[in-house]
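Q:
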Amino acid sequence: MKRFRSELSVAFAIVALLIVLAFLAPGFFTRENLSDLVLANMPVLIVALGMTLVIVTGHIDISVGTTFAICSVAAGEFAKLGLPAVGAGMAACVIGAMLGAINGALVAYVRIPSIVVTLAAMVAFRDALRWITQGAWVQDLPANFQWLGTSQAASNGITFLVAAALVISIGWGLRNLPAGRSVYATGSNENAARLVGIDSALVTFSVFAITGALTGCAALLNSIRFNQIPSNAGIGMEMKVITAVVVGGTAITGGRGSIQGTLLGVILLGIISPALTYLGFSAYWERAIQGLIILCAVGFDAVRSRLERSAGDFAERTA
Amino acid sequence: MPNALHKNWRERWFPNGEWMVLLALIAEIGIFSSVAQNFFTTANFVEVIRLSVELGLLALALTPVIITGGIDLSVGSMMGLSAVVFGALVMDWHWPVAAAAFATLLIGCAGGALNGMLIAEFKIPALIVTLGSFSAFRGIAEGITHGAVNYSGFPKSFLFLGQGYLLGVPAQLPVLLIAMIGYGLLLHRSVIGRGLYAIGLAGNGARWAGIAVGRRIGLVYFLSGFAASVAAIIYVAHLGQAKSDAGTGYELDAITAVVLGGASVAGGRGTILGTVLGLFSISILQNGLHLAALPSELTGILTGTVLVLTIAIDRMRARGRTLIQEEAIEMKNSQVAILCGAILAGALITAGANVWLVRSLKTMPSSASGGHTAVIAVMPKAKGDPYFVSCRTGAEEAARELGVELIWDGPTGLDAAKQNEIVESWITRGVDAIAVAVENQAGISTVLRKARQRGIHVLTWDADAEPDAREYFLNQATPEGIGNALTDEAARLLGGKGDFAIITGALSAANQNQWIAFIKKRAQEKYPGLNMVTIRPSDDDRDKAFSETQTILKVHPTVKLIMAISAPAVPGAGEAMRQSGRKDVDVIGLSLPGICKPYIHDGVVQTIFLWNTKNLGYLTVYAGAMLSQNKIPAGATSIQAGRLGSLEINGSQIILGAPLLIDKRNIDKLDF
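For the protein sequence lines, the chains are A and B, in the order given.
For the first sequence, position 110 matches number 110 in the numbering used here, and the numbering has no gaps at all.
Take any residue in the second sequence, count from 1 to its spot, add 319: that is its number in the numbering used here.
#1: What's the call for F421(B), buried or exposed, on a 16-neighbour Cβ count within 10 Å?
#2: So what's H920(B) in DSSP terms, helix, strand or just coil?
#3: Write down the C-beta distance between I630(B) and I102(A) rounded to the nearest angstrom, noting that I regard them as a contact closer than 8 Å.
#4: Quick one: which chain C residues come within Cβ less than 9 Å of W172(A)?
#5: Assuming G762(B) and L558(B) make a contact with CB atoms under 8 Å, what is their CB distance in whole Å?
#6: Who pairs with T253(A) in a beta bridge, going by DSSP?
#7: What's the gap between the Cα of A418(B) and the Cα of F441(B)?
#8: Give me the Cα-Cα distance between P178(A) and A185(A), rounded to the nearest whole angstrom.
#9: For the putative contact between L400(B) and I459(B), defined by C-beta atoms under 8 Å, what is the C-beta separation to the nearest angstrom?
#10: Run through chain A and tell me which residues come within less than 8 Å of F441(B), C-beta to C-beta.
#11: Grab the span of the alpha helix (DSSP H) containing L610(B) for me, first residue to last.
#12: Within the region 719 to 760 of chain B, note down every full beta strand (DSSP E) run reaching 3 residues or more, in order along the chain.
#13: Nearest-angstrom Cα distance between C93(A) and T215(A)?
#14: By the 10 Å Cβ neighbour count, where 16 or more other Cβ atoms means buried, how is H776(B) classified, buried or exposed?
#15: Please confirm whether L49(A) and L166(A) have their CB atoms less than 7 Å apart.
#16: Note down the Cα distance separating L18(A) from F12(A), rounded to an integer number of angstroms.
#17: Could you say which of R711(B), L617(B), G586(B), A612(B) lies nearest to I601(B) if we only look at CA atoms?
#18: Taking the alpha carbon of D818(B) as the reference point, which residue from F837(B), G900(B), G749(B), V906(B) has its own alpha carbon closest?
#19: Per DSSP, what are the beta-bridge partners of I552(B) in this structure?
#20: I981(B) versus chain A: which residues are under 7 Å apart at the beta carbon?
#21: Would you kindly report the start and end of the unbroken alpha helix (DSSP H) that includes S396(B)?
#22: Starting from G197(A), find everything on chain B with Cβ-Cβ shorter than 9 Å and list it in chain order.
#23: Kindly indicate which three-state DSSP category E790(B) falls into: helix, strand or coil?
#24: Between the region 710 to 720 of chain B and the region 931 to 942 of chain B, are three or more C-beta pairs nearer than 8 Å?
#25: Does the region 118 to 136 of chain A come within contact of the region 225 to 239 of chain A, defined as at least 3 CB pairs closer than 8 Å?
#26: Please say whether G187(A) and T57(A) have beta carbons closer to each other than 7 Å?
#27: According to DSSP, what are the bridge partners of A561(B)?
#28: Quick check on Q833(B): does DSSP put it in helix, strand or coil?
#29: Work out the CA separation of G270(A) and G291(A) for me, nearest whole Å.
#30: Which of helix, strand or coil does DSSP assign to H507(B)?
#31: Going along the chain, which residues of the region 250 to 264 of chain A sit with their C-beta nearer than 8 Å to a C-beta in chain B?
#32: Report yes or no: is there a C-beta of chain B within less than 7 Å of the C-beta of Y278(A)?
#33: Quick one: what does DSSP say T823(B) is sitting in, helix, strand or coil?
#34: Between which two residues does the alpha helix (DSSP H) containing F441(B) stretch?
#35: What does DSSP give as the partner residue(s) for S974(B) in the beta ladder?
#36: Assign G280(A) to one of three DSSP states: helix, strand, or coil.
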């Protein structure tokens, strides 16, 4: 139980929201709605997996929205060059990984703070993409691009399986593999990690490259649901992703966090907006309510851990 | 650690390598003086200062926050909330300006104190707290105004603060100076300031040294909320309007300025001088690019590069200095290989971008030799929007045909403040005619009047400014015409009665809100059977429009028609409809035929409305060129606009023609 303590308040918020929905808007729980919600939040979830690694290492990556746009456009352009959708997807992942690697190299080896590097990457690459595309969408995609050349249901199934495989493998690997443990070690205390023989610079470099590759993967899975690709995709995505990760209990200071927490964070943020629609709130108040729910979830967590701390102090003093 | 007594002047004034930013600033000034017209003039520097005040206040306020190792992402949103509160108090509640300003500052203080309390008292990381208040503040501002209310018509004496001159300098400059001096004293000449550095370097150590850490941290966030509300009041006076979108994205620019100025995001490092240098290197870069008529996309690319380069050089030098004391970080061959690979990848991307650059430069119209080539500056509302991209094609066609030079530049997203800034730079540059697609009437009219006084011909297109601020408005369709056409078509498809839903752009988008008002009015007056069930935002994002449509279909099963009134929202709604397989729901809207073609052919989207965007761009440049040669006599009732033939002039409006109804029958004939 103690293992999951930091995720409890988020889980509690989700359950509370679902109970309210069950009474006031049972239509929320139709199979169709749930599957739409899962598909709509898939890109954020996949990017959030990488972001969890980055934040656990004690860094941050605010360039993911820009990377998402570049990879979407690249996947489309490669598909138009005649590559099969899978090949175009691979190419998108490689480009994402390359962009992530540039960030990672600057953070790990040149030792520039990650927020600075990725802020620069976010602004510079976004403007470069705007310049190159001049805002035009990628159109006239080959017919086998949408749904990967299969049916809608099959393609959605594939998307779901890929996401599930990523969540499970990264979640398991982060807890159980030496490489996963070294991510926590690097985030807790980089110098100590280096002294016990962990190549912390390589860990930092890798988490950025992995985040880039996952962003490319998310971009592909999102693009194949449509038959044209806008060049301004992913604006504000970094905020959504980072919010989901930190709401899921990952410490922004590094060293603490989990994939199951991130999963809960994505679920909470993903259902708030449609839930408010189902409950009949006006769109005009949605953003304010969203901010309040996030503040409450985090505030509750902080108050609880503070109470626990003082209870611990008391126990120590009276022992 | 060098002995404090033996610090040389460089370490005294530039402890964090700020001299590099100073060099970059001097280089910028040098380059732009030679390539940009009228850059090195007093008038231009005065304008640069005016445009830097709001951002400067935020950057100054963020400096101590970042020095303590924190961050405040909520400052831009606080500007939005403060602007709306101020506007409501003055215009709706009829408070005197001074009292309203005072109350607004209190709101800023309260917001800052809330952040400070959560961070200092409850020990929640600053990034999380301010991420939350980032959405909460903006959300409250949108909630109380419904994103639509736009307060304008403030008293002249108040607007003087943002638009007037005091002894030859902009009236808001003293505010910035006071803030600079105040923050300079606080950080560099007071005990509190030394404490802030100590907190940033080692929070626990500072506590043991007897510094009231919580109170100090609370103070810096409190001050940053206060500074944001001051910036909001100046912003309102500068633009003459208060709306919930004030200050959107300012937080990132402000953080960039602070970090560029040598502050460390890890805390413990940073100076006010550095922040000021960082601020001006950004604003001069933007101003210079506008004056040199270089694409504004270069701003982001160059800022990003300079940001990474200055810090990288600083890091390299720091490592060189400490190499003897610390053991060098060992690098394995594999790491070197990875690093080389990353650098190579970066170089390839740069090279690729350069190829594109050369290609795009070639397509730019070269100015005809001999004689004066008229320069027509045309501004879209947002550069990346597909609608304006297609207008640009027509504008370029007209420029080639007439042999005039076309400057096409504008904000990358909807941003009234940026529009003013670009017009200012065009006035300084001295163009022959300016044509603006107006985002905000009250905001832009002041600066357009100024352009007319300087003898520049002024047109508006797509959306109008105040009539006396321009010579002609190129009217493609009135909001009423659009609203009526959409409502009539909806009534026709629904057979006069039924439920429909609207998907708009951003909730605060002025155009869309005008259309919605006319749609509601028309439905009420003419079609009592039509019932609008809900309005959902798409934020001009295709994917968001897609999921909003899915939700609408399920929450409101009675909806039989979706009206999508933002260009990317129509394909989004169309795709959602196709995937849901609902054949009983129609989609209509306002969008470009190019991106809607597949859906109209499939029959999921029934009708879209639009005027011929290419012709609109063509007419804009054509009319601009004719005006600059004084070929439109006063009182003319028609003009000959090249391939468009004769167009009617109604008063001071040049009418392009009625909106096109686009459906299966004619979509293949349209090429925009």
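The beta-carbon is built from N, C-alpha and C at its ideal position, and this holds for glycine as well.
A: The structure says:
#1: exposed
#2: helix
#3: Not confirmed; about 15 Å, so no contact.
#4: No chain C is present in this structure, whose protein chains are A and B.
#5: 4 Å
#6: Answer is none; T253(A) lacks a bridge partner.
#7: 33 Å
#8: 10 Å
#9: 6 Å
#10: G299, A302, V303, R306
#11: 591 to 610
#12: 724 to 727, 752 to 755
#13: 7 Å
#14: buried
#15: yes
#16: 10 Å
#17: L617(B)
#18: V906(B)
#19: In DSSP, I552(B) forms no bridge with anything.
#20: By Cβ distance, chain A contributes nothing, its closest Cβ being about 17 Å from I981(B), past 7 Å.
#21: 394 to 406
#22: The contacting residues do not exist; G197(A) stays about 12 Å from chain B at best.
#23: coil
#24: yes
#25: yes
#26: yes
#27: Y470(B)
#28: helix
#29: 13 Å
#30: helix
#31: A251, I252, T253
#32: yes
#33: strand
#34: First-last for F441(B): undefined, no H or E at that position.
#35: The sequence shown places Ile at residue 974(B), not Ser. Bridge partners of I974(B): N794(B).
#36: coil
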